[in-house]
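Numbering (the UniProt record's numbering), first residue to last: 59 to 490.
Using N, Cα and C, we set each Cβ at its ideal position, and we do this for glycine too.
For clarity, every value in this text was computed on a predicted model and none was experimentally measured.
Please read the structure below before turning to the comments.
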Ligand code: C2O
Ligand code: CU
Ligand code: CU
């Protein structure tokens, strides 16, 4: 803690090596360690202060994905930290409990920095979520799961060339969870909560268990759902998070997998973009006796409650051609528009290509109001900051930009397939 009462976190970005696989160590990047970064956890109402030191020999940044904060603290391409330099953002957490994450956002190099290992979780708690009977013992029945894919060469080094056929960039066949290959979990409780983060640069996951057991989706990007939704598959595009609760029986083993995508591609582009892949993600090994003192309550978070009828502005965004939004590629010097603080806007976002894009907006959690004019599916009914865009569908989003204004420094909106983002599928807005 510092004298002002803020909770202080020191983060050091560095390069190193990691024993991923037998043989030669893999060159990796990490935060306060050699690979990935620590889980940051703080509570709504707390002031957090960071000292971010860049120990790399190139510029980078740390962006707080999903966080509601002033643009100058956002950690986007305008807040790059030079090699050997430091950055000290500080803000007060003011949003519901949620599983957020952090990652670099340097202009044109986000994909390579994330792929090398710079990513971590940022868990926000609040009074309401702490009072619920959900599984909540971190590392025991409440597990962070940063799911990523990588390619290893014969020397165990990350290969970052994408297939020239793929429109998405790198698709690896080696799945890591929290930086571990071939991971398993020793389960000691009947109910386990998984905080899933698609931390991949390009891959779409369609999570499900090997025996097709049902599980309950309890939270999306921005926090807990009003009520759980039971399903046996859950698709997450890069950058999206979901919290699920799974039940295990004593002594059993179950494997979390990624199944072929159930939507997102028009053939024949699916196969070269990984949509047909079946991958094991993590094995769960249940003990012979399991404790059973948690439950999924009937009521959890608050439903998104923006009123589209109150929108003061409507905007359209069409993603196309690998690197463009509304026909233009990102330009750091160009602010695309300004929104009024405190007002609701309606954005209609569409994917004009035949392969996957998604859409992420900084500073806010938004409400998916409609998909092609219809009520969104249950997995899109909670607060979201990133939404998958199935080709040729139109997504209507309601957003409210509150609290922070800055006429000069912008926030970003972009495709979170990082090869697309880095080549320019991004724009900038200011809150006035
Ligand atoms: Cu997760 Cu603009 O980023
Ligand atoms: Cu973000
Ligand atoms: Cu894209």
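(1) In whole angstroms, what separates the C-alpha of residue 120 from that of residue 245?
(2) How many whole angstroms separate the CB atoms of residue 287 and residue 193, which I take to be in contact at a CB cut-off of 8 Å?
(3) Inspect the CB distances between the stretch 441 to 450 and the stretch 416 to 430 and report whether three or more fall short of 8 Å.
(4) Whether or not the stretch 107 to 122 and the stretch 143 to 150 are in contact is what I'm after, with contact meaning three or more pairs of Cβ atoms, one per stretch, closer than 8 Å; do they touch?
(5) Can you determine whether any heavy atom of ligand 1 sits closer than 7 Å to the C-beta of residue 178, and answer yes or no?
(6) With distances taken Cα to Cα, identify the nearest neighbour of residue 490 among 152, 471, 463.
(7) Taking the alpha helix (DSSP H) that residue 466 belongs to, which residues open and close that run?
(8) Does the distance between the C-beta of residue 418 and the nearest non-hydrogen atom of ligand 2 fall short of 7 Å?
(9) Tell me whether residue 129 sits in a helix, a strand or coil according to DSSP, three-state version.
(10) Counting beta carbon pairs with one atom in the stretch 347 to 360 and one in the stretch 297 to 317, are three or more of them shorter than 8 Å?
(11) Are the beta-carbon atoms of residue 358 and residue 276 separated by less than 8 Å?
(12) Taking buried to mean at least 16 other C-beta atoms within 10 Å of its own C-beta, is residue 79 buried or exposed?
(13) Does the distance from the CB of residue 477 to the CB of residue 91 come in under 8 Å?
(14) How would you label residue 450, buried or exposed, when you count the other beta carbons within 10 angstroms and need 16 or more for buried?
(15) Thinking just about the alpha-carbon of each residue, which of 251, 379, 96 is nearest to the one in residue 159?
(16) Any idea what DSSP makes of residue 349, helix, strand or coil?
(17) Taking residue 174 as part of the alpha helix (DSSP H), name the residues at either end of that continuous run.
(18) With a threshold of 16 other CB atoms inside 10 Å of the CB of residue 164, please say whether the residue is buried or exposed.
(19) Could you name the residues of the same chain whose beta carbon sits closer than 7 Å to that of residue 218, not counting the 5 residues immediately before and after it, in chain order?
(20) Going by DSSP, name the residue or residues bridged to residue 293.
(21) Who sits around ligand 3, taking every residue whose Cβ is closer than 5 Å to one of its heavy atoms?
(22) What residue ranges within the stretch 76 to 141 form continuous beta strand (DSSP E) runs of no fewer than 3 residues, ordered along the chain?
(23) Determine which residues share a DSSP beta bridge with residue 160 and list them.
(24) Where does residue 480 sit, in a helix, a strand or coil, going by DSSP?
(25) For residue 454, write down the residues that DSSP places opposite it in a beta bridge.
(26) Can you give me the Cβ contacts of residue 99 inside the same chain, cut-off strictly under 6 Å, excluding the 5 residues immediately before and after it?
(27) How about residue 491: is its Cβ closer than 7 Å to a heavy atom in ligand 1?
(28) Do residue 261 and residue 207 have their beta-carbon atoms positioned less than 8 Å apart in this structure?
(29) Who are the Cβ neighbours of residue 496 in its own chain at under 8 Å, not counting the five residues just before and after it?
(30) Express the C-alpha separation of residue 302 and residue 187 in angstroms, rounding to a whole number.
(31) Apply the 10 Å Cβ neighbour rule to residue 258 and answer buried if 16 or more other Cβ atoms are within range, or exposed otherwise.
(32) What residue from 178, 232, 196, 354 has the CA that sits closest to residue 211's CA?
(33) Confirm the yes/no value for this check: CB of residue 470, any heavy atom of ligand 1, distance under 7 Å.
Judging by the given coordinates:
(1) Looking up residue 120 in the chain shown gives position 62. Looking up residue 245 in the chain shown gives position 187. Cα to Cα, residue 120 sits roughly 33 Å from residue 245.
(2) The residue labelled residue 287 in the question sits at position 229 within the chain shown. The residue labelled residue 193 in the question sits at position 135 within the chain shown. So it is not a contact: roughly 17 Å between Cβ atoms.
(3) yes
(4) yes
(5) On the chain shown, position 120 is the one that residue 178 refers to. No.
(6) Position 432 of the chain shown, counted from the first residue, corresponds to residue 490. Per the Cα distances, 463.
(7) Along the chain shown, one-based indexing puts residue 466 at 408. Residue 466 -> not in any alpha helix (DSSP H); beta strand (DSSP E) instead, spanning 464 to 472.
(8) Position 360 of the chain shown holds residue 418. Checking the Cβ of residue 418 against ligand 2 gives yes.
(9) Translated into the one-based positions of the chain shown, residue 129 becomes position 71. Looking at residue 129 - three-state DSSP - the assignment turns out to be helix.
(10) yes
(11) For this step, residue 358 is matched to residue 300 along the chain shown. For this step, residue 276 is matched to residue 218 along the chain shown. Remark: C-beta atoms of residue 358 and residue 276 approach each other more closely than 8 Å.
(12) For the purposes of this step, residue 79 is taken as the residue at position 21 of the chain shown. Exposed, by the Cβ-count rule.
(13) Within the chain shown, residue 477 is the residue found at index 419, counting from 1. Within the chain shown, residue 91 is the residue found at index 33, counting from 1. The answer is no: Cβ separation not under 8 Å.
(14) In the chain shown, the residue the question calls residue 450 occupies position 392. Per the 10 Å Cβ criterion, exposed.
(15) Position 101 of the chain shown, counted from the start, is the residue given in the question as residue 159. The shortest C-alpha separation from residue 159 is found at 96.
(16) In the chain shown, the residue the question calls residue 349 occupies position 291. Strand, per DSSP.
(17) On the chain shown, residue 174 is found 116 positions in, with the first residue counted as 1. Note, residue 174: alpha helix (DSSP H), 168 to 174.
(18) Along the chain shown, one-based indexing puts residue 164 at 106. When all chains shown are included, residue 164 counts as buried.
(19) Taking the chain shown and counting its residues from 1, one reaches residue 218 at position 160. Counting only Cβ-Cβ distances below 7 Å, and skipping sequence neighbours, we find 170, 173, 228.
(20) Along the chain shown, one-based indexing puts residue 293 at 235. Note: residue 293 sits in a beta bridge opposite 264.
(21) 415, 473, 475, 478
(22) 84 to 89, 98 to 101, 105 to 112, 121 to 123
(23) As a first step, residue 160 must be located in the chain shown, where it is residue number 102. For residue 160, which the question treats as bridged, DSSP gives the partners 122, 178.
(24) The residue you call residue 480 lines up with position 422 of the chain shown. Of the three classes helix, strand and coil, the one that applies to residue 480 here is helix, per DSSP.
(25) For the purposes of this step, residue 454 is taken as residue 396 along the chain shown, with counting starting at 1. Note: residue 454 sits in a beta bridge opposite 406, 428.
(26) Working through the chain shown from its first residue, we reach residue 99 at position 41. Here the set comprises 181.
(27) Because the chain here runs from 59 to 490, residue 491 falls outside it and cannot be looked at.
(28) By 1-based counting over the chain shown, the position of residue 207 is 149. By 1-based counting over the chain shown, the position of residue 261 is 203. Contact: yes.
(29) Residue 496 falls outside the range modelled here, since the chain spans only 59 to 490, and no answer is possible.
(30) Here residue 187 corresponds to residue number 129 of the chain shown, with the count starting at 1. Here residue 302 corresponds to residue number 244 of the chain shown, with the count starting at 1. Each residue's Cα considered, the two are about 15 Å apart.
(31) Here residue 258 is taken as the residue at index 200 of the chain shown, counted from 1. It counts as buried.
(32) In the chain shown, counting from the first residue as 1, residue 211 sits at position 153. Closest by alpha carbon: 232.
(33) For the purposes of this step, residue 470 is taken as the residue at position 412 of the chain shown. Residue 470 Cβ: within cutoff of ligand 1.
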